[in-house]
Every structure is written in structure tokens, then in C-alpha cells.
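Worksheet: one structure, shown below.
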Amino acid sequence: MGNQQENEIVFRSENIEIIIQDSSRFKGASRLYLLESSSSFNLLFLLSPDIHLKAHDCDIQFMFKKNQYILHYSLQKNKAELWTNSEEPLKYLHIQLNYQYISNLITPETNGEGAEILENMIHNNFVFLQKATPPNMTVEMHIILKEILSYSKKGIMQKLFIEAKIIKLLILIFEQFNEKNNLKASSKAPEIIKKFIDENYHRNIKAEEIGKLIGVNQNLIRKEFKAEYHTTISHYISELRMLKARKLITDKEMMIKEIAIECGYEYLQNFTRAFKKKFGVSPEHLRNNK
């Protein structure tokens with residue numbers, strides 16, 4: 001059976017603790033436990049289907065679907081039990097923030113808006129546990145969680161990175177509970193996907209990977225992206241790579257092979273073929289005649 005000590009700690013500081021939990025790591029585990037510290041705000045992102053949750057301080061049992069989340073304030077130490085009857089392993093990400101950290105962020109003592117936000121957070125108005133439908137994670141939330149889990153640097157760089165991402169998550173959550181902002185955010189899905197591609201085109205990314213990353217059907221991703229930008233994802237990635245390659249060839253004294261790798265091509269011959277198809281000349285010809 002899983003317990004708190006066996007959780008995989010992603011990050012921990014005096015104000016923040018991030019834990020990723022996956023029951024498949026524990027042989028025979030059927031139930032896992034989540035601990036909330038006193039005076040803490042707890043963000044729980046449910047990453048597998050049909051997760052049951054029962055807190056030890058109440059008799060109500062909740063069930064969450066995949067890609068839902070909660071933001072819960074715990075005045076006292078609390079323990080919750082989680083389990084699933086699904087064939088998929090139980091998986092969730094828990095971000096715990098202490099009260100003073102949040103208070104310092106939104107400075108409720110100096111502005112009315114901050115005081116209202118903190119009051120809503122303390123009374124759990126941003127998480128409708130009493131209602132049938134908890135909030136769903138947005139595309140951008142998925143991307144931020146992926147960035148948090150994949151960040152490899154340690155020390156002060158990691159601390160600054162994590163804090164910046166948490167602030168962004170909080171902003172998204174607050175906006176999601178404003179109906180107007182929520183509708184606006186949903187219409188920006190193609191823009192968010194484009195931003196992800198712009199930052200990762202040098203990797204071997206495909207619509208399938210993006211779909212798994214953000215929890216959206218890959219066919220829907222392709223359809224929405226093409227409707228917004230009038231091109232396919234693969235063609236857009238290819239265009240970005242070629243434009244980057246041409247700039248590097250003309251502006252930098254890098255080896256052609258290094259440029260190919262920088263632009264996401266593992267094999268030089270594939271890069272040369274794509275470059276010549278795009279520009280009508282080989283990379284070497286362009287460099288020698290620039």
C-alpha cells in the first residue's frame with residue numbers, strides 16, 4: 001500500500017511542496033494517501049480516470065474524472081484516501097502551498113482585489129467540491145505541469161522556475177472561474193498549441209504527443225490548428241525548422257551537421273533533402289554563395 005513517505009517529491013522548499021504519485025510504482029497498491037499540512041492551500045490535479053477521494057475530516061466521498069482538479073484550503077492537518085476502480089494506475093500531482101506564501105503573493109492587506117481572492121480561497125469558493133462537476137484542467141495547465149515535471153535544473157534556478165509556473169497556474173485558475181475569461185481561454189487552444197510548437201519544434205514532436213501531453217484528442221488538435229492557421233502541424237513544424245536552418249547557415253559559422261541537429265534532424269541526409277526541397281539549393285550551396 002502506498003503512503004506519503006513513498007511519494008516522489010518533485011520539489012520542496014519552505015513554502016512549496018510538489019509530489020507526483022503513481023500507484024503503478026507500488027506493487028499491490030490499491031489505495032494511496034494524501035497529507036495536507038495546517039494552513040495550506042492544496043492543488044490536486046487528477047491524471048487518471050475515476051479517482052475516488054475521501055477526506056478523514058468529513059464523511060463525504062467524491063469521485064473525479066481524468067483531468068479534473070481541485071484547489072482546497074486546509075486549516076488543520078488533514079489526510080485523504082484516494083483509490084480507483086479503473087484498470088489504469090492511480091496518478092495525481094499534488095502541489096501544496098503554505099498560507100503565508102499565498103498571502104505575500106496577493107497582498108490582501110494593501111488591495112481589495114487581493115483580499116477578495118484570499119477570502120474566496122480560504123472558503124474554498126474556487127473549488128466546488130459540493131457540486132457535481134469539479135473544474136477541468138485547461139490545455140495551458142497541462143503544458144505547465146509537463147514543464148514542471150521535466151525541468152532538470154536545481155538550486156535557485158529551479159526555485160524561481162517553479163514559483164513562476166505556480167503563479168501562472170493560480171492566474172489560470174482564478175480566470176477559469178470567471179465565465180467570460182473561461183470562454184475566452186477555450187478559444188485560445190490553437191494559440192497555446194502553436195506556442196508549444198514554437199518552443200519545441202527542434203524536437204521530434206507530433207500531434208499524437210501533443211494530444212497525450214495536454215489530454216486532448218489528437219484529431220481535434222489537428223482540426224483546430226488547421227482551422228486557425230490554415231496549415232497542418234507537420235507542415236508548420238517543417239517551415240519553422242527550415243527558416244531557422246537558413247538563418248543559422250547565413251548568420252552563424254556552425255557546421256551543417258550541427259545546424260541539422262539544432263533544427264531537429266537526426267540524420268544529415270534528411271535535413272539536406274528537406275532543405276533543398278524547400279529552397280531549391282543544398283545547405284552547402286547556400287553557405288558557399290551567401
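The sequence shown begins at 1 in full-length UniProt numbering and counts up one residue at a time. Idealized CB from N, CA, C, for every residue including glycine.
Any contact of the region 86-98 with the region 13-23, i.e. 3+ C-beta pairs under 8 angstroms? Enough Cβ pairs lie closer than 8 angstroms, so yes.
Neighbourhood of Q5 by C-beta distance below 7 angstroms, restricted to the same chain and skipping five residues each side: The pLDDT assigned to Q5 is 39, lower than 50, so where the model puts this residue is not dependable, and the model offers no usable value.
Could you compute how far the alpha carbon of F196 sits from the alpha carbon of E109? Distance between the alpha carbons of F196 and E109 is about 37 angstroms.
Runs of beta strand (DSSP E) lying entirely within the region 119-170, each at least 3 residues, in chain order: None, since the region 119-170 contains no complete beta strand (DSSP E) of that length.
Extent of the continuous alpha helix (DSSP H) to which T272 belongs: Segment L268 to F279, the alpha helix (DSSP H) holding T272.
Continuous alpha helix (DSSP H) stretch holding M242: start and end: Per DSSP, M242 belongs to the alpha helix (DSSP H) from I233 to D251.
Euclidean distance between Cα positions of L172 and S150: Their Cα atoms are separated by approximately 20 angstroms.
Let me know if Q96 comes out buried or exposed under the rule of 16 or more other beta-carbons within 10 Å of its beta-carbon. Its Cβ being crowded by 16 or more others within 10 Å, Q96 is buried.
Using a 10 Å radius around the Cβ and a threshold of 16 neighbouring Cβ atoms, would you call N104 buried or exposed? With a threshold of 16 other beta carbon atoms within 10 Å, N104 falls short and is exposed.
Quick check on this structure: which residue in F279, N217 and E284 has the alpha carbon closest to the alpha carbon of I193? With distances taken between Cα atoms, I193 lies closest to N217.
My assumption, with CB atoms under 8 angstroms, is that Y69 sits in contact with N124. Please give the rounded CB distance. In this structure Y69 is not in contact with N124, their Cβ atoms being roughly 13 angstroms apart against a cut-off of 8 angstroms.
Ordered along the chain, which non-local residues of its own chain (more than five positions away) have a Cβ less than 7 angstroms from that of E228? Cβ neighbours of E228 beyond the five flanking positions: P190.
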